[in-house]
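K.L.:
Can you read through this structure? Questions will come right after.
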Amino acid sequence: MTDGSGYDAFEGASELLRALSAPIRLAIVSELAEGERCVHELVDKLGAAQPLVSQHLRVLRGAGVVRGSRRGREIAYALVDEHVAHIVADAVSHAGEGS
1 MTDGSGYDAF EGASELLRAL SAPIRLAIVS ELAEGERCVH ELVDKLGAAQ
51 PLVSQHLRVL RGAGVVRGSR RGREIAYALV DEHVAHIVAD AVSHAGEGS
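Residue numbers (the UniProt record's numbering): 1 to 99.
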């Protein structure tokens, strides 16, 4: 590409893929594809420590992949865009094809 206009889209895609680069983040996105979840629900489902899940949620939120909304004393996390769930599902499916 000779002009810089198309390159910006690749930068954004690169940032998204970087945010999704950890297996636990892929698992979080897959779980959130089913609906909103609080941290303790993700901890129970994924079998990961609460600080670890919270750290990865921060990364995903910073990348604009998830958003949090207050639900009583807890924060419920949801995907900002369902397209991300499709990207993750396709990647997981593709990775399984070689097995």
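By construction, the Cβ of each residue, glycine as well, lies at the ideal position given by its N, Cα and C atoms.
Cα separation between LEU42 and GLY64?
P.N.:
Between LEU42 and GLY64, the C-alpha separation is close to 19 Å.
K.L.:
What whole-angstrom Cβ distance do VAL39 and VAL84 have, given they're in contact under 8 Å?
P.N.:
About 19 Å; that fails the 8 Å criterion.
K.L.:
In whole angstroms, what is the alpha-carbon distance linking GLU74 and ALA49?
P.N.:
Rounded to whole angstroms, GLU74 to ALA49 spans 17 Å at the Cα level.
K.L.:
Within this structure, are the beta carbons of ALA78 and ARG67 separated by less than 8 Å?
P.N.:
Taking 8 Å as the Cβ cut-off, ALA78 and ARG67 qualify as a contacting pair.
K.L.:
Have a look at ASP8, ALA22, GLU15 and flag the residue whose alpha-carbon is nearest the alpha-carbon of VAL92.
P.N.:
Closest option to VAL92, Cα to Cα, is ALA22.
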